[in-house]
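A.B. asks: I'd like to ask you about the structure that follows.
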Amino acid sequence: MLINPEYTPIGDEREPMQEGCLSIPEYYAEVPRALKVHLKALNRQGEPYELEAEGLLAHCIQHECDHLRGVLFVDYLSPLKRDRVMKKMQKRHKLAQGA
Numbered sequence: 001m002l003i004n005p006e007y008t009p010i011g012d013e014r015e016p017m018q019e020g021c022l023s024i025p026e027y028y029a030e031v032p033r034a035l036k037v038h039l040k041a042l043n044r045q046g047e048p049y050e051l052e053a054e055g056l057l058a059h060c061i062q063h064e065c066d067h068l069r070g071v072l073f074v075d076y077l078s079p080l081k082r083d084r085v086m087k088k089m090q091k092r093h094k095l096a097q098g099a
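Each step along the sequence shown adds one to the number in UniProt numbering, with nothing skipped, and position 58 is 58.
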């Protein structure tokens with residue numbers, strides 16, 4: 001558990017990685033994110049906690065911190081791709097309501 005996590009990218013290197021999210025089921029897209037990050041947070045006891053992460057863990061940290069700011073991975077997509085995702089979600093929602 002991390003309380004009030006904040007991260008800082010380490011370097012300028014970015015890496016695209018396929019992301020998905022339970023907020024937007026059954027949709028995945030490549031999202032470029034910092035390859036390495038420095039994380040600062042508080043642990044369960046309220047003590048400062050720091051970590052340097054890279055690769056998949058760095059990617060996950062950025063994804064989860066985005067949620068705290070109200071950002072979803074589809075917000076990084078082009079408007080055209082984001083519109084396609086939204087239309088698919090609306091169609092699934094209508095089908096679920098009719099079932």
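Cβ coordinates follow ideal geometry from the N, Cα and C atoms, glycine included.
Predicted, not measured: the structure shown is a model, and the values here were computed from it.
From this set, 3, 84, 75 and 53, which residue's C-alpha is nearest residue 34's C-alpha?
C.D. replies: Within the sequence shown, numbered from 1, the residue matching residue 34 stands at position 34. Of 3, 84, 75 and 53, the residue nearest in Cα terms is 53.
A.B. asks: Can you give the Cα-Cα distance for residue 94 and residue 76, rounded to whole angstroms?
C.D. replies: One-based indexing of the sequence shown puts residue 94 at position 94. One-based indexing of the sequence shown puts residue 76 at position 76. Whole-angstrom Cα-Cα distance: 25 Å.
A.B. asks: Taking C-alpha atoms, which residue in 9, 8, 13 and 22 lies nearest to residue 89?
C.D. replies: The count along the sequence shown starts at 1 and reaches residue 89 at position 89. Comparing Cα positions, the closest option is 22.
A.B. asks: In whole angstroms, give me the CA-to-CA distance for residue 44 and residue 5.
C.D. replies: By 1-based counting over the sequence shown, the position of residue 44 is 44. By 1-based counting over the sequence shown, the position of residue 5 is 5. Cα-Cα distance, rounded: 12 Å.
A.B. asks: Does the Cβ-Cβ distance between residue 18 and residue 30 come in under 8 Å?
C.D. replies: For the purposes of this step, residue 18 is taken as residue 18 along the sequence shown, with counting starting at 1. For the purposes of this step, residue 30 is taken as residue 30 along the sequence shown, with counting starting at 1. Yes. Within cutoff.
A.B. asks: Return helix, strand or coil for residue 15, following the three-state DSSP convention.
C.D. replies: Here residue 15 corresponds to residue number 15 of the sequence shown, with the count starting at 1. Of the three classes helix, strand and coil, the one that applies to residue 15 here is strand, per DSSP.
A.B. asks: Leaving out five residues on either side along the sequence, give the residues of the same chain with a beta carbon under 7 Å from the beta carbon of residue 32.
C.D. replies: Working through the sequence shown from its first residue, we reach residue 32 at position 32. The answer, listed in chain order, is 14, 15 and 16.
A.B. asks: Write down the C-beta distance between residue 50 and residue 40 rounded to the nearest angstrom, noting that I regard them as a contact closer than 8 Å.
C.D. replies: As a first step, residue 50 must be located in the sequence shown, where it is residue number 50. As a first step, residue 40 must be located in the sequence shown, where it is residue number 40. Yes, they are in contact, since the Cβ atoms of residue 50 and residue 40 sit about 5 Å apart, within 8 Å.
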